[in-house]
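In this text, residue positions in the sequence shown follow numbering that gives the first Met the number 0: the first is 0, and each later residue adds one.
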Amino acid sequence: MLKAVLFDMDGVIVDTEPLHKKAYYGMFKTLKLPVTTAQYESFTGQSTINVCKRLCTDFELLEAPENLVQIKRRIFKELFISDASLQLIPGVLDLIQDYHQNGVTLVLASSASMQTINSVFDRFQLNPYFKAKLSGADLKASKPHPEIFIKAAQASGYAKEQCLVIEDSTNGIKAANGAGIFCVAYNSKHSKNQNYDTANLVINDFSSISYKRAKNLLAAQY
0 MLKAVLFDMD GVIVDTEPLH KKAYYGMFKT LKLPVTTAQY ESFTGQSTIN VCKRLCTDFE
60 LLEAPENLVQ IKRRIFKELF ISDASLQLIP GVLDLIQDYH QNGVTLVLAS SASMQTINSV
120 FDRFQLNPYF KAKLSGADLK ASKPHPEIFI KAAQASGYAK EQCLVIEDST NGIKAANGAG
180 IFCVAYNSKH SKNQNYDTAN LVINDFSSIS YKRAKNLLAA QY
């Protein structure tokens, strides 16, 4: 029986991916890093600190990863304030309200920093719907490691068989798979070249994963 839904944030709840991309490329430009498109796409779903650690390793930088994080976050913060294109993903608020009205516990499990998570939740008034918010930046391991979804299920108070994950990235789906939780992949237009093969279900529209359908899917699975 469906008791909890564990939401990713970037590309699922809010379209911050374009802002993150602008911020990352602003950081690459500042540091003169020739990051390829394929390299950038491989970062999807990972925490900023882990991305910056990879950059320091790949480009043999003397700069501390934490310094790269601060450059990227400074640029992102400026964009968050000034870029009017930041909006909720179409249909996701209706879905969140549908689950909430049907007594489903909602937990956020995002690789974003808690500062970014709180900024998004305050801007779009999402806090009343969610029991807990987890940031991958506060954990030992980043997606595709399953830690964040294991902890999110624990935070919900329900067994993993009673939970459902909504993700849009390869790394996020791998994390849900590793945690042994039913995973719905949202085919976001902003998450390019992601592999959804191991997701239990792939959707293009949130109306197709309403409470009624999600409840039936989980019941059939277990």
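By construction, the Cβ of each residue, glycine as well, lies at the ideal position given by its N, Cα and C atoms.
Item	Value
Local Cβ density within 10 Å of G10, reported as buried at 16 or more and exposed below that	buried
Whole-angstrom distance between K130 and A37, CA atom to CA atom	36 angstroms
Stretch pair the region 45 to 63 + the region 158 to 165: three plus CB contacts closer than 8 angstroms	no
Expected contact under 8 angstroms - CB spacing of I116 and K142 to nearest Å	Incorrect: roughly 15 angstroms between the Cβ atoms, too far for contact.
6 angstroms CB neighbourhood of V34 in its chain, flanking five on each side removed	F27
One or two residues paired with D9 in a DSSP bridge	V13
Beta-carbon contacts of M0 that lie in its chain and below 8 angstroms, excluding the five residues immediately before and after	Q161, K214, L217 and A218
Boundaries (first-last residue) of the beta strand (DSSP E) holding V164	C162 to E166
Own chain residues within Cβ distance below 7 angstroms of C182, not counting five before or after	V164, E166, I172, A175, N176, A198 and N199
Best match in T169, Q220 and R122 for proximity to P144 [C-alpha to C-alpha]	One detail in the question is off: residue 144 reads as His in this sequence, not Pro. Of the candidates T169, Q220 and R122, the one whose C-alpha sits nearest the C-alpha of H144 is T169.
Helix, strand or coil at K132 according to DSSP, with G and I counted as helix	strand
Nearest-angstrom beta carbon gap, S118 and D7 [assumed within contact, 8 angstroms]	Not quite, the Cβ-Cβ distance comes to about 16 angstroms (not below 8 angstroms), so this is no contact.
Helix, strand or coil at Y39 [DSSP, three-state]	helix
Start and end residues, beta strand (DSSP E) containing S109	T104 to S109
Cβ-based burial, G102 [other Cβ within 10 Å; buried from 16]	exposed
Q220 to I180 span [Cα, whole Å]	11 angstroms
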